[in-house]
Amino acid sequence: MQFSSICLPAKVPIRIKSLHTNPPTTVHDPTSSATVAAPKWAQKTITLPPLKRGCHLITSKIVKEVEQELCGFKCGLAHLFLHHTSASLTINENYDYDVRDDTETFLNQIVPEGPSAPWKHTLEGPDDMPAHIKSSMFGCALMVPITNGKLNMGTWQGIWLCEHRDYPTSRTVIVTLNGI
Amino acid sequence: MQFSSICLPAKVPIRIKSLHTNPPTTVHDPTSSATVAAPKWAQKTITLPPLKRGCHLITSKIVKEVEQELCGFKCGLAHLFLHHTSASLTINENYDYDVRDDTETFLNQIVPEGPSAPWKHTLEGPDDMPAHIKSSMFGCALMVPITNGKLNMGTWQGIWLCEHRDYPTSRTVIVTLNGI
Amino acid sequence: MQFSSICLPAKVPIRIKSLHTNPPTTVHDPTSSATVAAPKWAQKTITLPPLKRGCHLITSKIVKEVEQELCGFKCGLAHLFLHHTSASLTINENYDYDVRDDTETFLNQIVPEGPSAPWKHTLEGPDDMPAHIKSSMFGCALMVPITNGKLNMGTWQGIWLCEHRDYPTSRTVIVTLNGI
C-alpha cells in the first residue's frame, strides 16, 4: 500500500490532508483472460473556511479539491462526512440563492430558538441546541455516485453545507472515494 | 474493464441504462493459497415513470431491475441516488398504504405552502419550494446492505419514492452495487 | 471466500451474527512491482437490547462489537443499517445527555401524537405512526469513514439510536465494513 501527499498552492483557503491513496492496480480475470482494474480507495480531509449561518452551495469547492482523484474512477461512490454536530450536509437546488435562503427560513421556523424554546442544553448559547437538531434533520453525510470520473448528480443538484451556528468556525469534511 | 448493456423487453415502463459492470474476477490470497472473489461494481440508471404527489412503495420496481446483478453479490452495498431536488427516497413501512398517506399528510403540515408561506422562491409554483425542503428532510439517497444476493432489509422495510411536486415527471435513480 | 463466526461470552447482552468476512488478500500492482492490499469486506448482525423511548448514545456498543474487524482497515467505510421502521440512527453530540433529551422533546413537538393527531394508521397504537415519521426524518442508516483502523468521527460526534416506540423491543443493526 502506498500513501501519497498532495501539495496545493499555499494561497488556496481550503486546507487538505491526504490520508490514503492506494495506487491503480490490476487483477486477473480468468473468465476473459483480461486484466481488469482493481478497486481503488482515496481519502482526504478538507477544511472549509467559516461560512455564516445559513445554507451554502459548496459543490465547486469540493469538486476542485478532489477532481484529481475523481478522474481516475470510471465507476464508484464518493462519501462526504462532516466532522461536526452543529452543521449539516445536504443535496439540493444549485441555481437560485432564494432556495437556500428559504430553507434557512424553514429550519428556523421549525426548530424553536430563544427564551421560549424548551431546551435544557443552553450553556453554549441559544443557537446551539437548535443547531444540533438541524444537524440530525439534514444529516452530516452524503454519498454521491461517480461515473466516468465525475460526480454523477442531476442537472439541478448541488452540495450544500448548512451552517447552523451564529458564530461559525471552519468545518472539516472527510472525503472518501471508492471505485474502479 | 468491460461495459455491458442489459436489454429489457420494450413493454417494461422503466427505462434502464447500464453504465458500468466489471466482470467477476479473482485475486490470489497468499495466506491460504486460495483464490477469492475480487470486489465487483455495477452501476445503472433507472428511470421511474411519473408518480402522483405522495409517498410510493417502489421496492419491487427497483429490485426487479437490479436482481440480475444483485444475485452475483454475497456481501455488499446497494446505493440508490435520485437525480432530483423536489422528490426524495426513504425507507419505511412496506405494508399499510395509510402509513404512506399519513407521511404525506405530515410533510404537508410541517412545510407551509400557498399564499401564507414565507418563501421567496415562488416562480416555479407554490409546491416547488416546499418540495425542495421535503427533499432535504428525507434525502435523495439510500444505502442498503446486500447479503447473499438480496437487499438485506427488515421484514417491514420498503423503499419509498416520495414525489413532492403536483405535476410529476419521470424520475431518474442511479443504482450502484459494490461487493464481493 | 471464507465465512467466520465470532464467539462472544454468553453474558454479553448484544447478540452478534457474523455474515461474511473475506480474508486479507493481495493484488499485484504492475506499475510499482509491489503487492498491495485488496479491498476487504466484513458484515455482521448486531442485536441491541431494548432501549426506552428517546435518544441513546450507542457508539461504544457498536465499536466494541466491530473493533476486531475495524483494526484491519487502513481506509474504508462503515455502514450501519437499522432493520426497523419505528426507530432511527443519527450522528450527534456525544457528551451532554440533555442534547439527547432535547432532541426527543423536539421530535415529540414536531410530530403530533394522540387523539388530536390526523393519522389514519392507528391500529398499532398512538405512538406507532409518529414513530414511522420520525424514522424517515432521521433515517435508518449511517455511513462513517474508517481511517487507520478506527471510525473517523469528529471529537463531539457519537452514534445515536433513537427509539420512537413506547414499548421498545430489541433492535437489529447490520454493520458492513469495506476498505483496504
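Chains as they are written, first to last, in the working numbering: chain Y, 1 to 180; chain P, 1001 to 1180; chain A, 2001 to 2180.
Positions of the beta carbon are idealized from the N, C-alpha and C atoms, including for glycine.
A straight line joining the alpha-carbon of PRO168 (chain Y) with that of LYS52 (chain Y) spans about 6 Å. When C-alpha distances from LEU2089 (chain A) are compared across Y:THR47, Y:THR122 and Y:PHE138, the shortest belongs to Y:PHE138.
By the Cβ criterion, the segment 2143 to 2159 of chain A is not in contact with the segment 1126 to 1142 of chain P, since fewer than three pairs of Cβ atoms, one from each stretch, lie closer than 8 Å. Within a 10 Å sphere around the beta-carbon of GLY125 (chain Y) sit fewer than 16 other beta-carbons, which makes this residue exposed.
Those residues of the segment 1129 to 1155 of chain P placed with their C-beta closer than 9 Å to a C-beta in chain A are MET1137, PHE1138, GLY1139, LEU1142, MET1143, VAL1144, PRO1145, ILE1146, THR1147, ASN1148, ASN1152, MET1153, GLY1154 and THR1155, ordered along the chain.
In the structure shown, LEU123 (chain Y) adopts coil according to DSSP, grouped into three states.
Taken atom to atom, the span from the alpha-carbon of LYS2074 (chain A) to that of THR147 (chain Y) is near 25 Å. Chain Y places a beta carbon closer than 9 Å to that of GLU2093 (chain A), counting this residue as a contact.
Within the segment 1046 to 1080 of chain P, the residues whose Cβ lies closer than 8 Å to some Cβ of chain A are LYS1074, CYS1075, GLY1076 and LEU1077, listed in chain order. A residue is called buried when at least 16 other Cβ atoms come within 10 angstroms of its Cβ; LEU142 (chain Y) meets this threshold and is buried.
Measuring C-alpha to C-alpha distances from CYS140 (chain Y) to each of Y:GLU113, Y:LYS40, Y:HIS84 and Y:CYS55 identifies Y:HIS84 as the nearest. Below the 8 Å Cβ cutoff, chain A contributes HIS2083, HIS2084, THR2085 and CYS2140 as neighbours of GLN1157 (chain P), in chain order. Neighbours of VAL111 (chain Y) in chain A, taken as residues at a C-beta separation under 8 Å, are given in chain order as PHE2106. Under the three-state reduction of DSSP output, ARG2053 (chain A) falls in the coil class, being neither helix nor strand. Chain-order list of chain P residues neighbouring ILE2174 (chain A): PRO1145 and ASN1152, by C-beta distance under 7 Å.
In the structure shown, SER2088 (chain A) adopts extended strand secondary structure according to DSSP, grouped into three states. With respect to the 9 Å criterion, GLU2067 (chain A) and ILE2046 (chain A) are not classified as neighbours on the basis of their beta carbons. Taking 9 Å as the cut-off, the Cβ atoms of LEU82 (chain Y) and THR172 (chain Y) count as close.
Taking a C-beta distance under 9 Å as the contact criterion, LYS40 (chain Y) and ASN178 (chain Y) qualify as a contact pair. Within chain P, the C-beta atoms nearer than 7 Å to that of GLY179 (chain Y) come from TRP1041, in chain order. The C-beta of THR1122 (chain P) has fewer than 16 other C-beta atoms within 10 Å across all chains shown, which makes the residue exposed. Per DSSP, the unbroken beta strand (DSSP E) holding LYS2040 (chain A) starts and ends at 2040 to 2048. Put simply, the CB of ALA1038 (chain P) is near chain A, with a gap under 9 Å to one of its CB atoms. ASP101 (chain Y) and ASP1128 (chain P) have their C-alpha atoms roughly 14 Å apart. With respect to the C-alpha of VAL2063 (chain A), the residue from A:HIS2164, A:TRP2160 and A:ASP2166 having the closest C-alpha is A:TRP2160. In this structure, the straight-line span from the alpha carbon of THR105 (chain Y) to that of SER2170 (chain A) is close to 38 Å. The Cβ atoms of PRO2145 (chain A) and LEU2080 (chain A) do not sit closer than 9 Å to each other. By the rule that beta-carbons nearer than 9 Å mark a contact, TRP2160 (chain A) does not touch chain P. Below the 9 Å Cβ cutoff, chain P contributes no neighbours of PRO2168 (chain A), its closest Cβ being approximately 15 Å away. The C-beta of PRO1126 (chain P) comes no closer than 9 Å to any C-beta of chain Y.
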